[in-house]
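In order, the protein sequence lines correspond to chains A and B.
All residue numbers for the first sequence refer to full-length UniProt numbering, where the first residue is 1 and numbers rise by one.
All residue numbers for the second sequence refer to full-length UniProt numbering, where the first residue is 1 and numbers rise by one.
Backbone N, C-alpha and C define an ideal beta-carbon position, used for all residues, glycine too.
Quick caveat, the model's predicted, so the values are computed rather than measured.
There are 2 protein chains.
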Amino acid sequence: MKNPPSTYRCPCGATLSLIGGKYKIVILWFLYQNSVLRFNELHRLVPEATTKMLAQQLRELEADKLVERKVYPVVPPKVEYSLTPFGRSVLPVLEAMNAWGASYLEAHGA
Amino acid sequence: MKNPPSTYRCPCGATLSLIGGKYKIVILWFLYQNSVLRFNELHRLVPEATTKMLAQQLRELEADKLVERKVYPVVPPKVEYSLTPFGRSVLPVLEAMNAWGASYLEAHGA
DNA sequence: CGGTATCCGCATCGATACTG
DNA sequence: CAGTATCGATGCGGATACCG
Numbered sequence: 001m002k003n004p005p006s007t008y009r010c011p012c013g014a015t016l017s018l019i020g021g022k023y024k025i026v027i028l029w030f031l032y033q034n035s036v037l038r039f040n041e042l043h044r045l046v047p048e049a050t051t052k053m054l055a056q057q058l059r060e061l062e063a064d065k066l067v068e069r070k071v072y073p074v075v076p077p078k079v080e081y082s083l084t085p086f087g088r089s090v091l092p093v094l095e096a097m098n099a100w101g102a103s104y105l106e107a108h109g110a
Numbered sequence: 001m002k003n004p005p006s007t008y009r010c011p012c013g014a015t016l017s018l019i020g021g022k023y024k025i026v027i028l029w030f031l032y033q034n035s036v037l038r039f040n041e042l043h044r045l046v047p048e049a050t051t052k053m054l055a056q057q058l059r060e061l062e063a064d065k066l067v068e069r070k071v072y073p074v075v076p077p078k079v080e081y082s083l084t085p086f087g088r089s090v091l092p093v094l095e096a097m098n099a100w101g102a103s104y105l106e107a108h109g110a
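Pasting the structure below:
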């Protein structure tokens, strides 16, 4: 997602540039709920994302230091994803979104 | 933005479907800051949005009852945008995003 | 298991012109 | 002032195939 100039007038823009990707918030949310997840575990939780998209979003989150990727040199391969401390700092945003979304779903037909 | 199936497992998805549009959060933020804004006032605050996009996002926010559009039948035309009570209820999300974005911009080079 | 690589359709978005 | 209409390019993202 682009980093719009009005970032300077609204820091929300900076937030969106980091966690505004199509599946990023959902990924962060499930990683927060589960602490550690392997690729396919995460994929089962977010089945509407293709392998490609899930990997791409994870790479971006990793590049932005929100997510840690730990590779175990074993066969079959084992890779674990978890939140970094910085990633955990997004929690207030996630919780606000989760709470608002939940109340919306409750009010309107879920 | 689409409404992913994992909405059912993560209400954040519902939130994103309402405020996840390209300029929606920034729009909501400025409307919260200013209470009432005319179309061109808002456009000056979000100059990277084209007229088309700004209008489109505002229509969607209006359809979702987050924003109220008040038209004054005068020449030249006068239209005022403001948050509905429901729109104001998103504030916790906006503030969380703003706070996190601000601290990020402070830590890294803005 | 945990991914890449490639191709490509199609929605999104920008640019431009025009209007009440 | 506050938009709409239209066209066309871009790039996101899905489908598929393949790899260490």
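In DSSP terms, what residue i is bridged to
i	result
V90/B	Partner(s): none; V90/B has no beta bridge.
V79/A	V71/A
L37/A	Y81/A
Proximal chain A residues relative to residue i, where beta-carbon distance stays under 8 Å
i	result
Y104/B	P11, A14, T15 and L18
Distance between residue j and residue i (C-alpha atoms, nearest Å)
i	j	result
S103/A	P85/A	28 Å
R69/A	E80/A	6 Å
N3/B	A63/B	With a pLDDT of 47 at N3/B, under the threshold of 50, the modelled position of that residue is not reliable, and no figure is offered here.
P92/B	L61/B	17 Å
Y8/A	V75/A	47 Å
G87/A	T15/A	12 Å
C10/B	E95/A	11 Å
I106/B	L18/A	One detail in the question is off: residue 106/B reads as Glu in this sequence, not Ile. Between E106/B and L18/A, the C-alpha separation is close to 15 Å.
S35/B	L83/B	7 Å
S89/B	A99/B	17 Å
L37/B	T51/B	15 Å
L66/B	P77/B	23 Å
G13/A	M97/B	9 Å
P47/B	H108/B	24 Å
M53/B	P73/B	24 Å
Chain-ordered chain B contacts of residue i [CB-CB under 8 Å]
i	result
S6/A	V26, L45, V46, P47 and E48
Exercise. Does the segment 49–60 of chain A touch the segment 14–22 of chain A, meaning 3 or more C-beta pairs lie closer than 8 Å?
Worked result: yes
Exercise. Which residues, taken in chain order from the segment 21–55 of chain B, show a beta carbon closer than 9 Å to some beta carbon of chain A?
Worked result: K22, Y23, I25, V26, L28, W29, F30, Q33, L45, V46, P47, E48 and A49
Exercise. Counting Cβ pairs closer than 8 Å, one from the segment 40–49 of chain A and one from the segment 26–37 of chain B, do we hit at least three?
Worked result: no
Problem set entry | Contacting positions in the segment 86–100 of chain B - beta carbon closer than 8 Å to chain A | S89, V90, P92, V93, L94, E95, A96, M97, N98, A99 and W100
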